[in-house]
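Take a look at the structure below.
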Amino acid sequence: MKAGLDLKARLGHWSVPILFAVLCLSGILVARITPSFLLGEMLVRVSRNSLLVLALVIPILAGLGLNFGIVIGAMAGQAAAIVIVHLKLAGIVGFGAAWLIATPLAIVLGVATGLLFNKAKGREMVTGLIAGFFSNGLYQLVFLFALGSLIPFKDPDMLLPQGYGLRNTIDLTRIQYAVDDLIRFQIPVEGRMLRVPVATYLVIAGFCLFTVMFLRTRLGQQLRAMGQDDHVAAIAGIPVERNRVIATVMSTVFASWGQLLFLQNIGTLNTYNSHEQVGMFAIAALLVSGATVSRATVAQALLGTVLFHTLFVVSPLAGKALAGDAQIGEYFRVFVAYAVITVALVLHAWQAKTRRATA
Amino acid sequence: MKLPAALREFGLPRLLIAAFLAALFAVAVATKMNLAILVEDCIARVARNGILVLALLPAIQGGLGLNFGLPVGIICGLIGCVVALNSGIPGVAGVATAMGIGVGLAVPVGAAYGWLLNRTRGQEMMVGTYLGFALVSGMSIFWLLAPFHNPTLVWAIGGKGLRTTLSLGGIYDKILDRWLAFDFGGVTIPTGALLAFLGLCGVVWLFFRTRMGITIAAARSNPRFAMAAGISDERTRVQAAVLTTVLGAIGIVVYSQSFGFVQLYTAPLLMAFPAIACILIGGATVSRATIGNVLLGTILFQSILTTALPVTSQVIEGDISETARLIIQNGMILYALTRVSK
Numbered sequence: 001m002k003a004g005l006d007l008k009a010r011l012g013h014w015s016v017p018i019l020f021a022v023l024c025l026s027g028i029l030v031a032r033i034t035p036s037f038l039l040g041e042m043l044v045r046v047s048r049n050s051l052l053v054l055a056l057v058i059p060i061l062a063g064l065g066l067n068f069g070i071v072i073g074a075m076a077g078q079a080a081a082i083v084i085v086h087l088k089l090a091g092i093v094g095f096g097a098a099w100l101i102a103t104p105l106a107i108v109l110g111v112a113t114g115l116l117f118n119k120a121k122g123r124e125m126v127t128g129l130i131a132g133f134f135s136n137g138l139y140q141l142v143f144l145f146a147l148g149s150l151i152p153f154k155d156p157d158m159l160l161p162q163g164y165g166l167r168n169t170i171d172l173t174r175i176q177y178a179v180d181d182l183i184r185f186q187i188p189v190e191g192r193m194l195r196v197p198v199a200t201y202l203v204i205a206g207f208c209l210f211t212v213m214f215l216r217t218r219l220g221q222q223l224r225a226m227g228q229d230d231h232v233a234a235i236a237g238i239p240v241e242r243n244r245v246i247a248t249v250m251s252t253v254f255a256s257w258g259q260l261l262f263l264q265n266i267g268t269l270n271t272y273n274s275h276e277q278v279g280m281f282a283i284a285a286l287l288v289s290g291a292t293v294s295r296a297t298v299a300q301a302l303l304g305t306v307l308f309h310t311l312f313v314v315s316p317l318a319g320k321a322l323a324g325d326a327q328i329g330e331y332f333r334v335f336v337a338y339a340v341i342t343v344a345l346v347l348h349a350w351q352a353k354t355r356r357a358t359a
Numbered sequence: 360m361k362l363p364a365a366l367r368e369f370g371l372p373r374l375l376i377a378a379f380l381a382a383l384f385a386v387a388v389a390t391k392m393n394l395a396i397l398v399e400d401c402i403a404r405v406a407r408n409g410i411l412v413l414a415l416l417p418a419i420q421g422g423l424g425l426n427f428g429l430p431v432g433i434i435c436g437l438i439g440c441v442v443a444l445n446s447g448i449p450g451v452a453g454v455a456t457a458m459g460i461g462v463g464l465a466v467p468v469g470a471a472y473g474w475l476l477n478r479t480r481g482q483e484m485m486v487g488t489y490l491g492f493a494l495v496s497g498m499s500i501f502w503l504l505a506p507f508h509n510p511t512l513v514w515a516i517g518g519k520g521l522r523t524t525l526s527l528g529g530i531y532d533k534i535l536d537r538w539l540a541f542d543f544g545g546v547t548i549p550t551g552a553l554l555a556f557l558g559l560c561g562v563v564w565l566f567f568r569t570r571m572g573i574t575i576a577a578a579r580s581n582p583r584f585a586m587a588a589g590i591s592d593e594r595t596r597v598q599a600a601v602l603t604t605v606l607g608a609i610g611i612v613v614y615s616q617s618f619g620f621v622q623l624y625t626a627p628l629l630m631a632f633p634a635i636a637c638i639l640i641g642g643a644t645v646s647r648a649t650i651g652n653v654l655l656g657t658i659l660f661q662s663i664l665t666t667a668l669p670v671t672s673q674v675i676e677g678d679i680s681e682t683a684r685l686i687i688q689n690g691m692i693l694y695a696l697t698r699v700s701k
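Below you can see the structure in the form of structure tokens.
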């Protein structure tokens with residue numbers, strides 16, 4: 001009996017990623033997507049997004065739920081990108097400088113977010129979401145209005161013609177592929193050269209390793225204990241409130257670095273839009289792997305990124321092949337992202353309720 | 360520093376926001392703007408958005424928290440609008456049909472929403488937010504594929520898929536706003552829309568004095584006590600969800616007729632947030648709200664939203680009003696979320 005139960009539990013555990021894999025696969029077949037095209041797209045997309053998804057793991061294990069506040073970290077990353085463009089730094093030096101500038105900014109913002117979460121216990125997720133919107137307002141206030149008027153800043157290439165406020169797009173060509181091309185490696189696929197961002201994958205691997213190792217440290221164990229039951233953790237003498245702030249800071253810093261890694265691949269910064277969807281897509285990607293609001297692993301972050309971005313590439317093409325309209329596919333992938341998050345939230349709250357009822 | 364009791368009662372956030380509004384009007388006076396037009400726009404906007412704010416009240420009173428899932432009701436109303444438009448019913452009958460279909464849909468949909476919120480207790484706000492998002496994006500696919508063929512509604516090229524905005528011009532554009540409208544010192548009062556808003560406020564006020572209304576509020580304020588009195592809060596929460604969804608559906612029909620357009624696709628996605636900011640600015644908390652909060656909040660926040668753009672553009676180049684809206688709206692929601700409430 002036990003083996004049967006075990007199998008059922010396992011199937012349940014894997015049902016979400018399996019469903020998604022089937023969805024992706026049928027999309028690939030319908031749209032007749034060639035493996036080489038998909039491989040090329042995925043190599044780029046996974047390298048762009050993995051770190052942002054990884055940023056979500058630690059707060060989940062610490063019991064904070066899905067950190068919708070990573071948008072704030074992404075904004076810190078963008079602020080750093082803006083600074084290095086202004087300083088005309090280029091290449092890997094420029095990218096390194098951006099990480100250095102982003103870090104203290106992300107720490108400060110992370111502490112603020114963490115304190116906010118402590119004041120809104122049990123409502124961290126919705127608070128994070130709203131905090132993201134709120135910060136977006138502050139971000140606009142700084143970069144669209146204060147820069148060049150209240151904050152002295154003269155750079156006609158970056159400012160709007162009116163003399164203050166940044167332009168809607170900022171060219172990041174100077175740091176484009178700074179990490180991706182650090183180790184140049186290209187493989188010929190069907191007659192064209194495919195860029196393999198080896199160094200970026202090494203960086204991502206480094207962060208995976210760091211997260212795994214961190215969770216084995218004393219602090220990491222404390223965070224996991226808090227994730228299990230923060231009352232018991234508090235009684236056991238774990239400084240719960242402080243550790244929650246630390247988890248939020250780590251997530252925010254990761255997100256700022258992740259956003260910079262994303263931007264160095266894209267090569268342009270949409271000053272006022274690049275960060276808006278970061279939270280939603282990273283969270284949906286993580287959840288697609290079967291991770292939940294209270295459980296996530298590094299492996300799930302990677303698996304989820306691959307699956308979600310496969311769907312992202314496939315669905316407009318499948319929509320076009322099926323209904324002759326790519327727009328349907330576009331709506332479909334947004335719908336899937338939201339629906340995945342909704343289902344995960346419902347399941348989480350539902351199970352929490354059942355646990356309470358049986359306890 | 361302690362504020363005088365009367366001011367503390369009024370609340371610091373409200374005070375700041377009222378001061379901001381006063382400052383906007385001061386600038387308007389100083390730059391010799393046409394005040395009558397400004398006031399007229401404010402009143403029109405209050406009447407337009409009021410019912411959507413009112414829709415949040417039953418959810419708060421019923422213990423569901425801030426109803427970020429307002430788009431669930433809005434979508435029901437939009438379906439009503441589209442069906443009514445598709446059959447080409449003009450005038451009052453058109454509005455009535457849209458409302459009728461909207462409410463008819465909102466009752467079962469609201470019940471289902473309430474059922475789901477009962478199963479996801481403690482995470483109602485998050486579930487509501489994302490259910491709304493998912494529904495709006497799912498409906499985008501529906502609008503694109505739905506079998507509507509009225510040439511005034513579908514894209515001219517291709518002949519299928521609803522347009523993003525459907526004009527109500529000549530059908531029932533501003534029909535409530537114009538009903539009994541009169542001039543008062545150069546300000547046109549949209550009597551019909553105001554009456555619809557205030558009338559529904561009255562209905563909701565009365566409802567919370569009926570047996571059903573009292574049980575809904577009682578179950579929220581003390582579920583155990585209510586249970587002892589034979590009230591199941593699972594039931595009252597579903598009733599609250601139905602009410603908020605129904606009012607959301609009516610709200611969007613009134614909004615659309617006043618706006619002159621029915622907005623489909625992603626338009627309803629973020630509509631819950633300004634409405635929530637309104638009721639909070641009016642003094643509601645995550646667990647308590649009154650009709651007074653609805654009225655005061657709608658007047659304050661909608662007036663700011665209306666005046667901010669024309670007034671600030673007199674002083675600053677570029678549209679700072681949208682940024683101000685983001686900060687005020689979400690700052691207010693954050694403030695409410697971080698306040699300890701039982």
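Those protein sequences? They're chains B and W, same order as listed. The first sequence begins at 1 in the numbering used here and counts up by one. The second sequence begins at 360 in the numbering used here and counts up by one. Beta carbons are placed, not taken as given, at the ideal position from N, Cα and C, and that holds for glycine. These numbers come from a predicted model, not from an experiment.
The Cβ of S499 (chain W) sits closer than 8 angstroms to at least one Cβ of chain B. Sixteen is the threshold: when 16 or more other Cβ atoms of the shown chains lie within 10 Å of the Cβ of F145 (chain B), as they do, the residue is buried. Bounds of the beta strand (DSSP E) holding R195 (chain B) are 192-195. When W:I433, W:N477, W:L521 are compared, the shortest CA-CA separation from L464 (chain W) is found for W:I433.
The C-beta distance from I130 (chain B) to I376 (chain W) rounds to 17 angstroms, too long to fall under 8 angstroms, and the pair is not in contact. The beta carbon of M125 (chain B) falls within 8 angstroms of a beta carbon belonging to chain W, placing the residue at that interface. At a cut-off of 8 angstroms between beta carbons, A631 (chain W) makes no contact with chain B. Assignment of T550 (chain W) by DSSP, reduced to helix, strand and coil, places it in the helix class. Close to K119 (chain B), with beta-carbon spacing below 7 angstroms, are these residues of chain W in chain order: T697. When the five nearest sequence neighbours on each side are left out, the beta carbons in the same chain lying within less than 8 angstroms of the beta carbon of A470 (chain W) are those of V597, A600, V601, in order along the chain.
Sequence-ordered contacts of the segment 296-330 of chain B with chain W read A323, D325, Q327, I328 [C-beta pairs closer than 8 angstroms]. The C-beta separation of V288 (chain B) from V340 (chain B) comes to about 6 angstroms, placing the pair in contact by the 8 angstroms criterion. Every alpha helix (DSSP H) of 4 residues or more that sits fully in the segment 35-92 of chain B is shown, in chain order, as 35-54, 57-61, 70-86. Note that the C-beta distance between L160 (chain B) and F153 (chain B) is not below 8 angstroms. Here the alpha carbon of A106 (chain B) sits roughly 16 angstroms from the alpha carbon of R244 (chain B).
Listed along chain B are Y338, each with a C-beta nearer than 7 angstroms to that of F492 (chain W).
Between L416 (chain W) and A695 (chain W), the gap from beta carbon to beta carbon reaches 8 angstroms or more.
Look at S526 (chain W) here: in three-state DSSP terms it is strand.
DSSP places D180 (chain B) in the coil class of the three-state scheme, outside both helix and strand. Taking a C-beta distance under 8 angstroms as the contact criterion, C440 (chain W) and V612 (chain W) qualify as a contact pair. Using a C-beta cut-off of 8 angstroms, the segment 399-413 of chain W makes no contact with the segment 578-588 of chain W, since fewer than three inter-stretch Cβ pairs fall below that distance.
Look at the segment 150-175 of chain B: the residues with a C-beta under 7 angstroms from a C-beta of chain W are Q162, G165. Proximity of the segment 101-121 of chain B to the segment 266-285 of chain B falls short of the contact definition, fewer than three beta-carbon pairs being nearer than 8 angstroms.
Here the segment 245-265 of chain B lies against the segment 109-127 of chain B, with 3 or more beta-carbon pairs under 8 angstroms apart. M484 (chain W) and A385 (chain W) have their alpha carbons spaced roughly 38 angstroms apart. Shown here, N118 (chain B) sits in a helix according to DSSP, grouped into three states.
Partner residues in the beta bridge of V513 (chain W), as assigned by DSSP, are W:L521. Contact annotation: the segment 83-97 of chain B touches the segment 163-181 of chain B, with at least three C-beta pairs closer than 8 angstroms. Around the beta carbon of H348 (chain B), 16 or more other beta carbons lie within 10 angstroms, which makes this residue buried. From the beta-carbon of L345 (chain B), the residues of chain W found nearer than 9 angstroms are T479, Q482, M485, V486, T488, Y489, L490.
Listed in chain order, the alpha helix (DSSP H) elements of length 4 or more contained wholly in the segment 388-445 of chain W are 394-413, 415-420, 429-445.
Looking from the CA of F543 (chain W), the closest CA among W:A378, W:L380, W:D678, W:I396 belongs to W:I396. L525 (chain W) and L444 (chain W) do touch by the CB rule: their CB atoms are close to 6 angstroms apart, below 8 angstroms. The straight-line gap separating the alpha-carbon atoms of G96 (chain B) and L89 (chain B) is approximately 10 angstroms. In this structure, the beta-carbon distance from G258 (chain B) to A55 (chain B) falls below 8 angstroms.
Here DSSP, grouped into helix, strand and coil, assigns D678 (chain W) to coil.
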